[in-house]
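Residue numbers (full-length UniProt numbering), protein chains in the order written: chain R, 1 to 399; chain F, 1 to 399; chain U, 1 to 399; chain P, 1 to 399.
This is the structure in structure tokens:
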């Protein structure tokens, strides 16, 4: 091991910086997953995670990545060949589509320019046209991690309702849960997909499905073969705090601590903090003279900001220089944005000074890389963060 | 939290006591799973884990429980409706069969008395009868965690070969890998299934598939829909140390440390240690006047010992008393053995004095519970452990 | 590092096995020792430690070993050349005497056979003879770590009172505090000396002085030059939770956790547990046919047992064999007991099964070393520990 | 506990941010301080620490704070009433003087304006005048933590030599060791005093004395009573890796790791990094329009910067606001500088982005507090840090 002084800045849009409290909680000895201590732990996290999703319904927790939770959402609710309406908001929406295809479903992908979220009107129009109700589910990504665009789930729900269509609504919140306001019940979502390694501030290794009653009913009829991901298998033992197969015990220790931390700060404060850091970041980006991938201010992501670079700039070389010279990891432009953008994560266990360090790393990287940019991005962010208005905005949002 | 002085004795047959070195390794900050530091980590564990399976072929690592690795073994190699020959060695073999059924395969279960391992002759006979090669795979459990019986995989391989049958050989080593000698390549196994939480001394959360070339070829034809578990998706990125979706980074830190520890002790020494502790445990059990579930000495498990209790003894009440009075977790009798047996785990990060404590807890529990037993079990174990012969046996085995 | 499977048994009479909760508490980032978070920590430990000493008076906490707390007790209360009455209960009492001499005081050592505690009658007699009140302090060791003999402090207090002598009473509780009942106030002790690494279950690095009002008054007149150890310098800042120089912050985190743990178990239960483990150990030692160093049953130590070995046995070779073969550390015979005894620590974070493992390690070591002994020591201990009477005794003592 | 998102910025001039590697190293179980594993640990740290002091002579390690190491330096080398020449560079030099007085020595304090280091010419002059060699030692602070002024030790040595005076040279490096170039042997220092909690990146709890042969010779004649701090007592057992009384084992684990880290980075690189961060900080301070306490550029401290605030500014209110709003601890102005200055620590485990976050916290605090200042301090620091010249300067210095 070669020592680099100071802490690494992990500013990819997840996995995020895991706080010490979570790491320490995870380092307790593993216990008997059939014993009374585990029963208490299981009951606590299965109950405690619900408000984070904005639901009073069950949340299923898998030992898996978020990708596994995608698969679980599909195989529990659909039958082979079922049509799923999806929306190409970016790289991850596309990967989810590919998964649906490989699993033998029939995804229909509405394409997009990767600079906007899901268009509720387009969904409404497509569902209205689906008079035979061939479409069994609408599957969308809440916060598209590859673009920094947050789709408006409540309005999508309204669009489905206006179309009077019975399709299930499946939503990926992998990079928004615990960072951006989300309401599984109030927004009428049927399956919410999440992972542990972003707003929940845990290492990767847990996948989540929050499920509506309608989703549970659909699961009873869904003919896709399934075993590991089967909700019903989970929900029986879950009622008494247990799991049907060995759970990822130590990550559950971490989850218990993370839920405590979110509650200590207060979810409203957590969301307001992310909003404020995102706005500061956008001010820095604009001051540098760069475009933000997301074009619709109503859809700005509070978890990450994807930055478009001028044509003559290699964003991957820039990221490499920043990693080597300033020990900070940034996210690459993916797929359609490869070579055209980089991404700044500002989610999870984060504060004003760490954001200032992050933006300083970008600005110094731009200078060292010889990129043409306007200095002053960090200054613009500091001006916003220091201003009483921003503080007030945060406290207002938190009410 | 209410303090109980001293350490808990986690003597279920897994998850096992996680050593400090592993817990500490796991508590380092999560890193960018697309960056150079991860690449080095990934390459190291993907390479380093192979000798533990006795293979030079790839080993796939999933963020999942061992149950997920069961599913991966089936869905990568089989097509819907494929017949799989399974053998009812105990509770876990039965669960694997149930999974095969739920996933839409056609498992054929050879039944058994739960006191013996897989009968190679029975396999041979069945395969010889399968002239049309309807059977696509033979799936067996190496060490049946519910009974403490270790099946003879090398002889099963020979039986398949004698039958001249093309079926794949799938083997579950969830509770044997890293504890009981196992040779994926030398024994001609096609898929070896394992998990992190037993002999590998990690918390639960990683599933493994070691794969033969024949298994990889079968995967190319296997028509079962799959995505999360797909080997090919994994093996591409794995070649450069990466994973197709977010891996359980912190468990991989732990895996690196666990591999180091196994190598420091030497796998031969690890196996000899488990053999010795198992023999000491059996001597204690016999001294108490109880039967061991496993009837065939060639099939004694070195990872756990399942103990039959007299008809008038409630083993679960005994386990409860031992948990409450002596802070030790033991394994329950499962399914057919429920109410008739309990199980002592003696695998993983374990030594002579911890075994002595474990057996002392059982013997004191027997006395407190008012069970009719012969005292002297601990003494018998100590006599064996202290004798120079046992030490010599261990060092001989280790050569 | 070379991996030895399982946990090391640290059965010296301190430092003791540090529990995970303490180690984890200690691994939080160091904070500003002048800031509000520290103030809360300081106030909590300075207040919370008092009941552990059985005092409502201040307890001073030094960044030091217990040896430093010895020095602090002397230099705060005495003037150069002052006479101190000491009692040669064993190695550590002798070392404290040597320290007093080196610091320029005038210690008078009453000698002893190292198999008994301080004789209250001898103290009374000496003090009565000291009509000129030359003796300024009586300094005794509560639990002599080198012999496993616990002196009767309450009776020493009565002896001093009967002699109507103004000498201060200084007591070393380094290896008894938090393990053996102790009452600073009720027993009229003036200065109680302690360290962190035994019954408090912490790593070494903190020294303690509990101080009576009489001791504080003496300190105002004491002319010995002092700075680092000066109580008054400490007590000012301590009133608001702070320290005059940088405290050992992370050990204080551990201390807060240790105090919580002692309170969760309840001090009475803690003492009863130590008594019960000590009795079990003595039964094992007697069953093996060996003598216990302590000759007076009223003075048996509940923290450790020193065992005399037959003349032809080399206890250090035995300890070495046990360390190498069974990964357990035992205490050596010191000074007058060198080559004649070894010591078993049974204090701190400890339970029945760990004690069983400890005694098993000794018994197996005796066998491997070829020592002439009677088998059955472990059995005798288990019989005692398992018997309902012992459990009842413990619960009775705990009331 | 109430969760504050993100990491606390501990930017007092020590204790410093303790890196994870050190915290993890410290969280291993305590071991037998008389056993073979400890012997190896002790030998390794006692040897490995020497180059950090720039010495091949012994370094004594105490379980104590740095204040204890001050006391050790005095009591080992001096006799009651001995005169010590000291220099009032700031608060800590004054405290050391007070200690000398309380211990019964005769300190003579040369006063100063707290904005300059020790004046070598003044020392020379005073020593020349001391024809009777009454002065037994010159005791100076290398880096005065209260002012951010670094005295020129090599030139002080030359001044003593020019005066041809036999006084010992005692140097406090508590806030410089491991941060600012220091050469115990080459600079002819007799006793170097240090602590664990600054450049060594450990929690507080270890004190150090590096000792010249001349100091050891002086110790043989020094008549001050001493026991805990006695070098000779230490050096005997140290020769084989042991300590005369229980050492602070877990802090020694941390020390081993910290030495490894310093060696991995390379001491020259460590010093160059501190120099560069200090220069960036000064550029920020000047851009804000504030004065630096240190007036002589040759004496700028690379470990901390003390900033003078305008008369109408309350620096403690500013620090409180920064702590509450931005979760950063800064150092207060002490004693003569109370209410006139605050201090920024930029030492230990630190990097460019953490420095950027630190300076951002100060600048945002100035704005929120309504202090009259010139914006642009952070920008000035970033310009310097990003410039290739600074990088080159660092690499040049590191050669």
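Ideal Cβ placement from N, Cα and C applies to all residues, glycine included.
Is it buried or exposed for residue i, if we count other Cβ within 10 angstroms and need 16 for buried?
i              : result
residue 166(R) : exposed
residue 274(P) : buried
residue 8(P)   : buried
residue 111(F) : exposed
residue 13(F)  : buried
residue 2(F)   : exposed
residue 310(F) : exposed
residue 282(P) : buried
residue 161(F) : exposed
residue 289(R) : exposed
Under the assumption that residue i contacts residue j (Cβ atoms under 8 Å), give the Cβ distance between them as a whole number of angstroms.
i              : j              : result
residue 52(U)  : residue 29(P)  : About 22 Å; that fails the 8 Å criterion.
residue 16(U)  : residue 347(U) : 6 Å
residue 267(U) : residue 364(F) : Going by Cβ atoms, the distance from residue 267(U) to residue 364(F) rounds to 26 Å, so no, they are not a contact pair.
residue 159(U) : residue 135(U) : That belief does not hold up - the Cβ atoms of residue 159(U) and residue 135(U) are roughly 13 Å apart, past 8 Å.
residue 148(U) : residue 317(U) : Actually they do not touch by this definition, with Cβ atoms about 21 Å apart.
Comparing C-alpha positions only, which one of the options sits nearest to residue i?
i              : options                           : result
residue 115(U) : 293(U), 338(U), 204(U) and 212(U) : 293(U)
residue 214(P) : 203(P), 185(P), 242(P) and 228(P) : 185(P)
residue 178(R) : 278(R), 251(R), 197(R) and 191(R) : 197(R)
residue 358(R) : 342(R), 343(R), 328(R) and 349(R) : 328(R)
residue 187(F) : 224(F), 303(F) and 210(F)         : 210(F)
residue 163(R) : 97(R), 370(R), 131(R) and 145(R)  : 131(R)
Please work out which residues of its chain come closer than 8 Å, Cβ to Cβ, to residue i, disregarding the five sequence neighbours upstream and downstream, and give them in chain order.
i              : result
residue 399(F) : Caution applies to residue 399(F), whose pLDDT of 43 falls short of 50 and renders its modelled position unreliable; the value that the coordinates give is listed next. Excluding sequence neighbours, residue 399(F) sits near 268.
residue 356(P) : 378, 381, 382 and 385
Start and end of the alpha helix (DSSP H) containing residue i?
i              : result
residue 93(R)  : 91 to 102
residue 252(F) : 249 to 265
residue 56(F)  : Segment: none, residue 56(F) is in no alpha helix (DSSP H) and carries neither H nor E.
residue 38(R)  : 36 to 48
residue 366(U) : 352 to 369
residue 23(R)  : 20 to 26
residue 211(U) : Segment 206 to 211 is the beta strand (DSSP E) holding residue 211(U); no alpha helix (DSSP H) there.
Where do the N-terminal and C-terminal ends of the beta strand (DSSP E) with residue i fall, by residue?
i              : result
residue 77(P)  : From DSSP, residue 77(P) is part of no beta strand (DSSP E) but of the alpha helix (DSSP H) over 66 to 77.
residue 239(U) : It is not in any beta strand (DSSP E) - residue 239(U) carries neither H nor E in the DSSP assignment.
residue 329(U) : 328 to 332
residue 137(P) : 135 to 141
residue 108(P) : 106 to 110
residue 11(P)  : 9 to 11
residue 341(F) : 341 to 345
Ordered along the chain, which non-local residues of its own chain (more than five positions away) have a Cβ less than 7 Å from that of residue i?
i              : result
residue 55(R)  : 184, 185 and 210
residue 280(P) : 355, 381, 384 and 385
residue 83(U)  : 106, 108, 134, 135 and 136
By Cβ distance, which residues of its chain are closer than 6 Å to residue i, with the 5 residues on each side in sequence left out?
i             : result
residue 96(P) : 70
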